[in-house]
Ligand SMILES: [Zn+2]
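Numbering (our numbering), first residue to last: 5 to 756.
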């Protein structure tokens, strides 16, 4: 290296350092540019420098930092037809000796032209150029255009090298200005939508056949929108999801071999009333594919967008193969939906039927919805038609909360509802009146019984399906009773006769509790009969009967039949009327242990309700062992709940709400509480599953007197409290302190 070059290099780096420190001090590159312009020109010994910036929502690069007098904004589309546009598209630097030499330009790319129109009205003529892409992680963020060396020479290899260094450092700055992420899915992790560990696991499972975006959607329960947002943050181009109502295949697609588009993972889309061609590609960093497709698009106004591979294939009408054991996923089934699909009527469907992939797409769609519901442990599925062309929404109630799962295109809404009606043996021609039915299917080897109600709405027929999760009883310990209640209830169950009631609103887990209690009593020497509507949980050793009110086989009738069958223990699903209540009490007084339920909100209310029904207070007070009232509260996800030190106000609040026995909580000034966070395992809700909170009223001699006197609900409650009952709220607070639930969720289920 000669002395002169060495000196020049030193000078370059000292100037570069000066420029960079100004740029990095500024909030945005834009603000720093006027301050560094002079130094920058000296740095490259150039007459003019233009910096173009990428605009995420635009298909152009825009120069906002022009040197010279004119403040005109230059917008250049990302295509091979201009020099800056070509560099943006190819992401390759170019060195041009003379921009007016069309042969030199066409040697770079056949379509390349120099647009002199920008220079028409100003005293400036471009000749030689050094143009470089500004990149971060290979994502295009801008273009650096250095024009005319002051000494009239061409730009050299050293200039190119220095230009690259500078462009790279500008890229770092743009990265912060734009809020770019370092990897396509960083946003999801940063936002806590998926845990890094879970992400890495999915990433390792992804391959050519199974794109990572599909795994994120299907297994991490992320929405396309969330994934799209993450891709936008990285690629700095707009995301387009699968939205066939809004985007259509562009006529240009007809001119291209479809196999080529499919293999390139590219689709060209158009939008109503918009001339722009949307180039949807799964990896906007793939320059080779983009240049190829830009050749197809030619002079059309085009915008590069990022899309999910499955969505791109769906636009192209290609069905993604999904080799998961559960069969095709919902989106690919939706993809296959065909207006002309005939519904297969299966008259042998009264027995549980095995889900088969060979069924028509509508059939598969319904089966898939059922499978998903079972996997998500949903209790109900709501199929809600939209108005006109608005898609039908499929929502599921999971842990007591409704969530939208998919949308079925309006064109297939009727077929879907009809399919469900056929399965439930309902009249498919009748669409104006509500109908009730049920069906049973076998999903992954397990029977699933579904109760169906159709509801005519102004938008068409809707369906609500209730899934009766048949299964094994939970254990007594899994009921999560407080030690006080667990012990108290166990004592009650040791009585050979009497009546024990489990109460609460619909969906409060009464049946689960009753079967857990029966499981502790279920021994070979005991004869246990149950009458249920429907039978959801089965236990070997029990004689379980499904009542059929329509045919006259009511709870009362079942009870009469049981009493002739020498029972020890009887479960009556529900005491719906006076006759049933009276018979149940009589049965308990004649040497049987009777368990039953009532739809009441609290233990004390249960007593007044039964008295209001007109049952005999003396028999009832004699027979009553106790009442367990309960609710289900969503539990904090054990994987992501976050402990924190409770604030004094929170401790005071809990103490105050617990009331007179608060001392037993043993709260000091250091109390640990938990808050909901959200992770992949809990579908980012922070909650997973539910647990019971309970209120156990044990009948005492004084309580029996109160019942005989026809006491009010207030008097009964007071007596229960004197008998040491803890209320639902108190039990809930215990579980808040255990970290099972949080106060927000507790408040949702307890009327305050
Ligand atoms: Zn979680």
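For glycine and all other residues, C-beta sits at the position ideal for the given N, C-alpha and C.
Fair warning: this is a prediction, and the values are worked out from it, not measured in the lab.
Buried is the label assigned to residue 536, since at least 16 other Cβ atoms lie within 10 Å of its Cβ. Burial check for residue 317: the Cβ neighbour count within 10 Å reaches 16 or more, so the residue is buried.
Residues with their Cβ less than 7 Å from any non-hydrogen atom of ligand 1, running along the chain, are 641, 643, 644, 681, 682, 683, 685, 686, 690 and 692.
Taking 8 Å as the upper bound for CB-CB distance, residue 671 and residue 655 are in contact here, some 6 Å apart. The closest CA to that of residue 520, considering only 476, 545 and 492, is found on 476.
For the 8 Å CB-CB criterion, residue 270 and residue 253 do not form a contact.
In the structure shown, residue 133 adopts extended strand secondary structure according to DSSP, grouped into three states. At least 8 Å separates the beta-carbon of residue 309 from that of residue 248. By the neighbour-count criterion, in which a residue is buried when 16 or more other Cβ atoms sit within 10 angstroms of its Cβ, residue 514 is buried. Bounds of the alpha helix (DSSP H) holding residue 753 are 747-753. The shortest C-alpha to C-alpha distance from residue 722 to any of 736, 735 and 706 is the one to 706. Just measuring C-alpha positions, the residue of 165, 221, 144 and 130 sitting nearest residue 182 is 144.
Counting only residues of its own chain and dropping the five nearest sequence neighbours on each side, residue 260 has a CB closer than 6 Å to the CB of 300.
In this structure, residue 170 and residue 148 form a Cβ contact; the two beta carbons are roughly 7 Å apart against a cut-off of 8 Å. In the three-state reduction of the DSSP assignment, residue 282 falls in the strand class. By a beta-carbon distance limit of 8 Å, residue 385 contacts residue 373. Their separation comes to about 6 Å. Ranked by Cα distance from residue 450, the first of 375, 506, 589 and 480 is 375. DSSP places residue 20 in the uninterrupted alpha helix (DSSP H) bounded by 7-29. In the displayed model, residue 731 falls within coil according to three-state DSSP, outside both helix and strand. Beta-bridge partners of residue 694 (DSSP): 638. As computed with DSSP, residue 106 is found in no beta bridge at all.
Residue 589 is a Cβ neighbour of residue 503, given a cutoff of 8 Å. For residue 637 against residue 736, the beta-carbon gap comes to about 7 Å, under 8 Å, which counts as contact. In this structure residue 466 touches residue 387 by the C-beta definition: roughly 6 Å separates them, less than 8 Å. Here residue 422 is buried. Its C-beta has 16 or more other C-beta atoms within 10 Å.
In the three-state scheme derived from DSSP, where H, G and I count as helix and E and B as strand, residue 400 is classed as strand.
As DSSP reads the structure, residue 646 sits in a beta bridge with 679.
In the three-state reduction of the DSSP assignment, residue 241 falls in the coil class, being assigned neither a helical nor a strand state. Residue environment: residue 711 is assigned as buried (16 or more neighbouring CB atoms within 10 Å of its CB, all protein chains considered).
Residue pairing by DSSP leaves residue 707 without any beta bridge partner. Look at residue 443 here: in three-state DSSP terms it is strand.
Beta-bridge partners assigned by DSSP to residue 476: none are found. DSSP places residue 34 inside the alpha helix (DSSP H), whose first and last residues are 33-48. If you compare the alpha carbons of 580, 586 and 592 with that of residue 571, the shortest gap goes to 592.
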